[in-house]
Structures are given as structure tokens and as C-alpha cells.
Amino acid sequence: MGFFNLFHDLSKSSVEHHVSLDLTMPQCSRTTPIHISYSPTSTTRMPLELVMNIMELAYDEHKLEERKSFLKSCALVCRDWSIPAQKMLFRHVALCTETSCIAFTAAINPATARGRMLAGAVQCMRVSIDHNQPFGLSQRTFARAVTLCPNLTELNLALYGCGAPGNDIVGSPDVLRMRRHAPSFDEETLDLLRSGPRISALTFRNWSENRQSIMQLLSIWPTLESLVISGTAPELPSPPSDPFPCALSELRVNLQSSSSVDFFKWLLHNSSHSLRKLDFERELSPVAAQYLIDSHSSTLESVHLASCTREIAQSLSKCPNLRQLSVEDITSYPVVYKKLSDKLESMAFGLNKDTQTQALLDAIKAKGLLRAVTVHLWNGGELHRQLPSLKMTCALRGIDLSLTHDIRDFRSMIRAE
């Protein structure tokens, strides 16, 4: 047993060893020595492909700090692990200050082989331009960083305006001070962005009063397929420009106030045959929501709603290819699921103590292709008298049922599907 442990420990180590053992065994009246040796050439190492697979499985793009700590540790194990760990570390980049951006551009210096390798690894960039910060990231430094990443496909940009100077009085906010001004992007910044990589997914979170910044960004990339807009509602310039040229497959909207139907007509003019996903994190105006669903009913496969009305339910029933529907607050119209396409594979809804569930249970029983049900339990939903029936119905049909009390987890789960 001791010999096995010794060999096992040596086989795990990459340090060179040489072991020689003499064992004697009685045979008649003489002894025969048996020589067992262990040489450095017999050292085994974990295959690099296996190491990379383990890193990929442990990689979680939603947990930034845990991911960074894990990959930094991997990079320090040995030289073989260092390069793949560094490339994964640079896959998703977050830039919030001028200092961090300058350090990043120095690391991806195209004049060095290592810099080109790291620049090529960048796929997603999360950027914050905050005009409240004294050392905030400038427009041009951000644009130069983008141009150095040839394989960048996803850009997540947050814009924060700067409040006007004034005195804060508790309980009596100065309306002018609460306005958040931010300058538009200058021409040099726009030219730099146009010369950079072809972005396919753009997330723009606008926490300023500048309603034209989104229009500037949309004019840069003719290759966009996915668009997420949050914060201040955009508005069309006057007179309106030519319709947005991209054919979007995914649109997510989380605006403080609803944009006009005219804006969505302009935005989705060329997406009538391509739009597959609609996601409204907040309630959109019923007119705008109904227009979006009606106009793309033939192509929509996934819809996420904050709530549902009778009119929106009627529009959803006209979507023959709908495979996923999520309604965060379904109390106003729970029968929406009964009238959906038989192609439905995933349904998600919020459940509180007052939710009428019979229509939901009937829909689960009727949809033969249904494979997943996700439920957000809130306001006493965990005590709902029909919750055991829901669990039993899903179990008998082999449907994966997921329950959560956290609305953020609920949204993450349905988008992961």
C-alpha cells in the first residue's frame, strides 16, 4: 500500500524524480533481486484539452468576480495553463474608468504577439461612460479600445449624464438639478467606431437626457442582429431619417417611458422576416406592444412580457411559431396560455396567492411539446393551494419545473433557455 501511494504521488507531480527499489523474494535457497525504477520520462501530465474543457465548464459569464478569481488562479498553475486561462479572462472585458481602459489597451498592444493574442480573445465588452466621475472613461478612449478588438461581437454600453450644480434639499428636489445632461458622440468617436469590428449585439443603457445618442450608435453598425435598449426612451429626429437598415432577430426593451409606435416602425422596418424574440422588462404601452406582436406574429418564437391584457393575448394567439412565453404578472389574464400555439415548449409566469391557476394547469396538460415551466413565487405564491397540483402535473408529464422567489433569477432562467 505504501508503494502504491508513493507511485501515485509521484505521478501527479511534474517535478523530476528518480526512484529505485530493491525487492528480494525467497526462491529455494537463494534470493533474486527485482529492480523497479521510476524515471523522469514516465511523468504524466493532464492533457491540455481536458484542462480547457474544465475551464469552459467552470466559466460563468454572469459572475464576474468569481470568474476572474478562478481564471487568475488557473493562469498561475503552470505555463501550459497560462495562455488559455488568459484568453478566457479577456473574453469578457469591463471598462469603467479612463485608467482601466488605458491599462487594457496596453495589454492588447498590437505591436506584440501576446497583445494580438489577447485582443483576438475579446468577444464581449461592457463599458460605462459616466460624466459624473472626475476620471470617467472618455468617448475617444473607449472608441480606440473597441477598434483594437477584431473579434468583438457584443457591446454593452451604459451612459450616465451629469446633474446640474445646485443644493440638495431633502424632500424638495430641484427639478433642473435632477436632469442628467450628456453630450452626443463627436464625429471622431463615431469614425473610430465605424472603423472597428462589426458588432452583432448592442446593449445601450441610457441614464441621461440625451435622446439622440442611441440614434448615433444605430447608424454605425449595419450588422446588428440583437438590440437591448434601457433607460431614457429614444425619439425619432425631425425630420425622420431613413429606416434602420438592420434585420434584427432579438429586441429587448426596458424604458422608463414607452417609445412611440413610429419609433418601433422605424427601428423594425427591415425586420419583418427576421424578428424571433421580443422582451419587455417593463410594461410597454398596450398600443405599442400590440403593434409589435401583430406586425411580427409570423416569425416570433419567444416573447417576454411584464403583464398581459386580453388584446395582447389575442395577438399572441396569432403567432403560429411561438415556442416560449413568459409573463411576469399573469393575474390580469391567466388564460393566455390556453390559446397559444401547440408548438409551445417553455412557459414561465409569476404566481401569487390570488393567481387563478386552472387555465395554467389545463394548458400544461394540453401542450404536448411542453418541456419546461418556470415559476416566480411572490406575495404568498409558495402557499398557493394549487401549487402541489402544479408540481404533480409537471412530474407526471416529465416537464422540468423550476421555482424561484427572486425575480432576477426568474429572468435569468428564462433567458438562458
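With this note's numbering, the residue at position 14 of the sequence shown is 393, and numbering never jumps.
Backbone N, C-alpha and C fix where the C-beta goes; we use that ideal spot for every residue, glycine too.
Along the chain, where does the beta strand (DSSP E) that runs through residue i open and close?
i	result
Y539	E533 to Y539
F789	Note, F789: premise wrong, no beta strand (DSSP E); alpha helix (DSSP H) at I786 to A795.
F564	Where F564 is concerned, there is no enclosing beta strand (DSSP E), given that its DSSP letter is neither H nor E.
S637	Element bounds for S637: n/a, residue is neither H nor E.
S677	Looking at the DSSP string, S677 is not in any beta strand (DSSP E), and its letter there is neither H nor E.
L704	Q703 to D708
Considering residue i, what are the terminal residues of the alpha helix (DSSP H) in which it resides?
i	result
V525	Q518 to T526
R689	R689 to L695
I743	Q737 to A745
F728	Per DSSP, F728 belongs to no alpha helix (DSSP H); it is in the beta strand (DSSP E), S725 to L730.
D673	P665 to S674
L597	S592 to L597
F659	Not the alpha helix (DSSP H): F659 falls in the beta strand (DSSP E), residues K656 to F659.
L647	L647 -> no alpha helix (DSSP H), and no H or E assigned at all.
S768	L766 to L775
Measuring alpha carbon to alpha carbon, tell me which residue in the options is nearest residue i.
i	options	result
T508	R584, V607 and D721	Here residue 508 turns out to be Ile, not Thr, going by the sequence shown. Checking every option, the nearest Cα to that of I508 belongs to R584.
M504	V472, R764, L769 and G729	V472
V682	A667, S674, V706 and L663	V706
N700	S650, S676, Y712 and G747	S676
S587	T568, P576, A612 and R573	A612
S574	P616, A751, A524 and I481	A524
Y539	N530, F521 and A561	A561
P624	G747, L766, L596 and L730	L596
S650	L627, D658, V666 and E660	L627
W600	L615, E629 and D570	D570
N511	Q502, A537, L663 and K697	A537
R519	C480, P665 and P616	C480
Can you say whether residue i is buried or exposed, counting buried as having 16 or more other CB atoms within 10 angstroms of its CB?
i	result
R493	exposed
C528	buried
T734	buried
K718	exposed
D779	exposed
F483	buried
M771	exposed
L603	buried
F383	Confidence is the limiting factor: at F383 the pLDDT is only 32, short of 50, which leaves the residue's position unreliable, though a coordinate-based value still follows. It is exposed - the Cβ of F383 has fewer than 16 other Cβ atoms within 10 Å.
K810	Lying outside 380 to 796, the shown extent of the chain, residue 810 is not represented and no answer is given.
F728	buried
L402	The pLDDT assigned to L402 is 46, lower than 50, so where the model puts this residue is not dependable; a value taken from the coordinates is nonetheless given after this. So L402 counts as exposed.
M404	The predicted position of M404 is uncertain, since its pLDDT is 49 and thus under 50; a value taken from the coordinates is nonetheless stated next. So M404 counts as exposed.
I786	exposed
L715	Note that residue 715 is Val in the sequence shown here, rather than Leu. Buried is the call here.
V398	Confidence at V398 is low in this model, with a pLDDT of 45, below 50, so the placement of that residue is unreliable and no value is reported for it.
A485	exposed
S791	exposed
A522	buried
P713	buried
S768	exposed
T478	exposed
What do you reckon, is the C-beta of residue i under 7 Å from a heavy atom of the ligand MG?
i	result
L723	In terms of ligand content, the structure shown is empty, and the ligand MG therefore cannot be addressed.
message = For a minimum of 3 consecutive residues, which ranges assigned as the beta strand (DSSP E) are wholly contained in the segment 462-514?
response = 471-474 and 503-509
request  = Assess, as a yes-or-no matter, whether the segment 494-501 is touched by the segment 464-473 under the definition of 3 or more beta carbon pairs within less than 8 Å.
outcome  = yes
message = Can you confirm whether the segment 752-759 touches the segment 589-602 when touching is taken to mean that 3 or more C-beta pairs between the two stretches lie within less than 8 Å?
response = no
query = Just checking, does the segment 605-622 make contact with the segment 569-585 on the three C-beta pairs under 8 Å criterion?
reply = yes
ask   = Below 8 Å, can you find three or more Cβ-Cβ pairs linking the segment 639-650 to the segment 685-697?
value = no
inquiry  = Threshold first: 4 residues or longer. Then list the alpha helix (DSSP H) segments lying entirely within the segment 571-628, N to C.
reply    = 592-597
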